[in-house]
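Colleague: Numbering of the sequence shown is given in our numbering, commencing with residue 43 and proceeding in unit increments.
One structure, pasted below without further comment.
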Amino acid sequence: MNPHPAFPLFPHRHLLGIKGLSPHDIDLLLDRADAAVAISRQSEKKTSSLRGRTQINLFYEASTRTQSSFELAGKRLGADVMNMSVASSSVKKGETLIDTAMTLNAMRPDILVIRHASAGAAALLAQKVTCSVVNAGDGAHEHPTQALLDALTIRRAKGQVGRLTVAICGDILHSRVARSNIILLNALGANVRVVAPSTLLPVGIEKMGAEVFNTMADGLKGADVVMMLRLQRERMAGALVPSVREYFRYFGLDAEKLKLANEGALVMHPGPMNRGVEIASQMADGPQSMIQEQVEMGVAVRMAVMEALLDPRRNPQGRTA
Ligand code: CP
């Protein structure tokens, strides 16, 4: 990809959340990501726009999609990519997040990608290190690259995001994906709904710009996109749903419930999925499912984000400090 000067300069040094991005910033990243999709579909996938740059992935929480796609994205852009293995690092000896980050920062990386269980961890690091920081998910706060890849998937399938009705269904309470998506979809002019039992909805969610529904029958009627979320049982302090079987009956996506949405509605899920809990296999693997496209768009979005943050026009020396 030749990123310059085809794309305007992205005006941020870090990507800590969707909050704080303008619709123009979001469109810029999606346009860049569209170009990156073409790169990933070529047989020769390697480019040189981040040649000589160093990317460190620091994941304190488990990840399949996000970590592997950040790694592939960096490699496709020609960066040197290091995956910090937290399980075998000095974190296990009691080293703090800040000390670990400062140690890695002293090795002069250009970009640090962090996933952490605590909300605000990425923002904290951004204040301490001299490189760019990307939030790959911080607690129940934000997961900005997930929302961007979801928007790219929708935009490519439907031609637009604005004016579509998007129903985000399931465990909204614990979901950083829901938060980032609600902010992004509102910024681009979509009608956003959340559909969940009241025990899985944060207080005041409607103030974020989401219409609240407590039944799938009401929430899916007229939806163009049905975004299912994983029931995050590991983050639940108590029993917020009576049983998995009952949850699936009332809030799991199956063929009958999908019929309530608009014809050709997209079925999305950020993964990892719990089949038979929030989504039936028939829906996850069905013709309306965009789940594999979401994974593909994940690589493209992460390529776009890292290129935009490390744009050499930001600093003639090409350094981010
Ligand atoms: N969607 C998502 O963040 O998946 P991983 O936890 O596998 O990275």
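Cβ atoms here follow ideal geometry from the backbone N, Cα and C, with glycine treated the same way.
Beta-carbon separation of M332 and M310 under 8 Å?
Modeller: Counting from one through the sequence shown, the residue named residue 332 turns up at place 290. Counting from one through the sequence shown, the residue named residue 310 turns up at place 268. Going by C-beta atoms, M332 is nearer than 8 Å to M310.
Colleague: What does the alpha-carbon distance come out to for the pair S222 and G212?
Modeller: Counted from its first residue, the sequence shown places residue 222 at position 180. Counted from its first residue, the sequence shown places residue 212 at position 170. Answer to the nearest angstrom: the Cα atoms are 15 Å apart.
Colleague: In whole angstroms, give me the CA-to-CA distance for T362 and L243.
Modeller: Numbered from its first residue, the sequence shown carries residue 362 at position 320. Numbered from its first residue, the sequence shown carries residue 243 at position 201. Confidence at T362 is low in this model, with a pLDDT of 49, below 50, so the placement of that residue should be treated as unreliable; the coordinate-derived value is given next. Distance between the alpha carbons of T362 and L243 is about 39 Å.
Colleague: Runs of 3 residues minimum, wholly inside the segment 107-182: which ones carry the beta strand (DSSP E) assignment?
Modeller: Those beta strand (DSSP E) runs which fall completely within the segment 107-182 and span 3+ residues are 122-126, 153-158 and 174-180.
Colleague: Taking Cβ to Cβ, would you say V341 is nearer than 8 Å to S111?
Modeller: What you label residue 341 is simply residue 299 of the sequence shown in a count that begins at 1. What you label residue 111 is simply residue 69 of the sequence shown in a count that begins at 1. For V341 and S111, yes; Cβs fall inside 8 Å.
Colleague: Measure from the alpha carbon of P314 to the alpha carbon of each residue in Q336, E305, F293 and K301, then state which is nearest.
Modeller: Position 272 of the sequence shown, counted from the start, is the residue given in the question as residue 314. Selected option, being the one with the closest Cα: Q336.
Colleague: Quick one: Cα of R275 to Cα of I140, how far?
Modeller: Walking along the sequence shown from the start, residue 275 turns up at place 233. Walking along the sequence shown from the start, residue 140 turns up at place 98. Taking the straight line joining both Cα atoms gives about 28 Å.
Colleague: Where the beta carbon is closer than 7 Å to any heavy atom of the ligand CP, which residues qualify, in chain order?
Modeller: So the residues near the ligand CP by this Cβ test are A104, S105, T106, R107, T108, Q109, G179, H185, Q188, V219, P312, G313 and P314.
Colleague: Looking at the structure shown, is A232 part of a helix, part of a strand, or coil, going by DSSP?
Modeller: By 1-based counting over the sequence shown, the position of residue 232 is 190. Coil, per DSSP.
Colleague: Starting from the Cα of L119, find the closest Cα among V133, L92 and A104 and give me that residue.
Modeller: Reading the sequence shown from its first residue, position 77 is the one you call residue 119. It is L92 whose Cα lies nearest to the Cα of L119.
Colleague: Please go through the same chain and pick out, in chain order, the residues whose beta-carbon is closer than 7 Å to the beta-carbon of H66, but skip the five residues on each side of it.
Modeller: In the sequence shown, residue 66 corresponds to position 24, counting from 1. Closer than 7 Å at Cβ, skipping near neighbours: no residue.
Colleague: Would you check if the segment 126-144 and the segment 194-209 touch, i.e. whether three or more CB-CB distances between them fall below 8 Å?
Modeller: With the cut-off at 8 Å, the segment 194-209 and the segment 126-144 do not touch.
Colleague: How about A161 and A182: are their beta carbons less than 8 Å apart?
Modeller: What you label residue 161 is simply residue 119 of the sequence shown in a count that begins at 1. What you label residue 182 is simply residue 140 of the sequence shown in a count that begins at 1. Yes, the Cβ-Cβ distance between A161 and A182 is below 8 Å.
Colleague: Which whole runs of the beta strand (DSSP E) in the segment 192-277 are 3 residues long or more, in chain order?
Modeller: Fully enclosed beta strand (DSSP E) runs of 3 or longer: 207-211, 233-237, 253-255 and 267-270.
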